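A.B. asks: Have a look at the structure that comes next, please.
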Ligand code: ADP
């Protein structure tokens, strides 16, 4: 800054001296100096005015070409302007590239403000959600998508999972929505059409349910005949030599029936995904009833330790709760050699209700644990078949627990035993205070 000032003072002095020199032959050096300085000042004011006009409207006003300090100022300003334009263009290119790639996404994408106001969306989102061009920009998305599942999802603020809702444009279609948080409380909503996926799942489920249903009748007939033939074979009549094959056929037919029953149960659990059954279940009474059946199954070979908290009830469907408890307790009996201990607990743990089955049985290797709830997954095919297992028990437990919004936890060590814990969320539990005597 000081160099510029020094230069300006130098120029002003030079101009004044020149004016004085020109006026000197006419004996008017003072006038000459004053006039020259006044002209110099007019030039400065002119450039100042030009600069002001340019700053106000850089597109219309062109900066004059000149030398000296003003020339340098203009050149720097124009250079700055050029660089700004380049940066702006680069940003605009980047933005249009981003928009083009977001447009090319097979998913709908909606950029939202913290409260859900729509900032931007791509063409897929417009088609999937039925948004209307510019008119919906700035609108709150929860006001446009009024399905309770989405309203709940948005209000809860927990966006780990997707939420599925019927499409607002086509009632036949199903949309999966997933919110992603980024930046300074910005939100990106990704929308997928999962109708085809759900349709295929429904076809598979219906096929399994129908096939199982169709197989049940012929199998009952077969088993009926086998049961009629067994006593004849035992009594030494012409069927005597068929005694062993008949027994084996009967055992296999019974096993197939169990399989079909389990498949039908699974299909029913999957088909009705709603979790709205709100009957109150007297779990302690239900557990006592199942326990008496399990003791029969154990045939006195196991020691049972039972800790059941009275007055601890569940909201839900009895058949589903029964499936959970029965399958876990049956497994404990089947996979615990005689002399082992089976501990059954039903209690409130401060965060919800918890049903657990502990056994001192054969246990499960760690690598098998994550796959246990898969359909037909058996750790040891031979052992499971020998126990009459279908490989569907834990799969049923998992699905039935989902209907209670619950979660299954499994701990096990080979040759030491297993612990299966079912966690039920507090809003599915009712606790009754013990009545004072
Ligand atoms: P299955 O009808 O074969 O018992 P499940 O789905 O109930 O089918 O169980 C899957 C597999 O998990 C079983 O084949 C068995 O190997 C293992 N398993 C389940 N419960 C236990 C347990 N309490 N102890 C040891 N292994 C178990």
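In the numbering used here, the protein residues as written are 1 to 437.
We put the beta carbon where it would ideally sit given N, CA and C, even for glycine.
All figures in this text were calculated on a predicted structure; none of them were measured in a lab.
1) Near residue 323, what residues of its chain come up, given a Cβ to Cβ distance below 6 angstroms and the 5 sequence neighbours on each side ignored?
2) Which partner residues does residue 179 have in the DSSP bridge list?
3) Can at least three beta-carbon pairs, one atom from the segment 75-82 and one from the segment 6-18, be found at a separation below 8 angstroms?
4) Looking at C-alpha atoms only, which residue of 28, 256, 366, 193 is the closest neighbour of residue 222?
5) Residues in its own chain within less than 8 angstroms of residue 239 by CB, not counting five upstream and five downstream?
6) What's the call for residue 346, buried or exposed, on a 16-neighbour Cβ count within 10 Å?
7) Measure the alpha-carbon distance for residue 28 versus residue 40 and round it to whole angstroms.
8) Reducing DSSP to helix, strand and coil, say where residue 33 ends up.
9) Quick one, which of 46, 170, 187 has its alpha-carbon nearest residue 117's?
10) With respect to the alpha helix (DSSP H) encompassing residue 151, which residues constitute its N-terminal and C-terminal limits?
11) Just to check my reading of the structure: residue 145 and residue 166 have Cβ atoms closer than 8 angstroms, yes? What is that Cβ distance to the nearest angstrom?
12) Using only alpha-carbon positions, find the residue among 338, 340, 300, 292 that is nearest to residue 325.
13) Please list, in chain order, all residues of the same chain as residue 355 whose beta carbon is under 6 angstroms from its beta carbon, the five residues on each side excluded.
14) Report yes or no: do three or more beta-carbon pairs, one from the segment 60-67 and one from the segment 85-104, lie closer than 8 angstroms?
15) In this structure, does DSSP put residue 46 in helix, strand or coil?
16) Closest by CA to residue 366, which one among 416, 405, 350?
17) Less than 8 angstroms between the CB atoms is what I'm expecting for residue 280 and residue 313, so what's the real figure, rounded?
18) Please report how far the alpha carbon of residue 282 lies from the alpha carbon of residue 311, in whole angstroms.
19) Over the uninterrupted beta strand (DSSP E) stretch that includes residue 28, give me the two end residues.
20) Compute every distance between the C-beta of residue 393 and the non-hydrogen atoms of ligand 1, then say whether any falls below 6 angstroms.
21) How many angstroms separate the CA atom of residue 376 from the CA atom of residue 97?
22) Is the beta carbon of residue 108 closer than 7 angstroms to that of residue 124?
23) Hey, which unbroken runs of the alpha helix (DSSP H) at 4 residues or more fall wholly within the segment 33-104?
24) Please name the residue, chosen from 84, 191, 73, that lies closest to residue 126 on a Cα-to-Cα basis.
25) Identify every residue that forms a DSSP beta bridge with residue 109.
C.D. replies: According to the data block:
1) 396, 400
2) 189
3) no
4) 256
5) 229, 232, 233, 246
6) buried
7) 18 angstroms
8) helix
9) 187
10) 148-156
11) In fact, because the Cβ distance is near 11 angstroms, the residues do not count as touching under 8 angstroms.
12) 292
13) 346, 422
14) no
15) helix
16) 416
17) 5 angstroms
18) 8 angstroms
19) Here residue 28 belongs to no beta strand (DSSP E), and DSSP marks it neither H nor E.
20) yes
21) 49 angstroms
22) yes
23) 68-104
24) 191
25) 190
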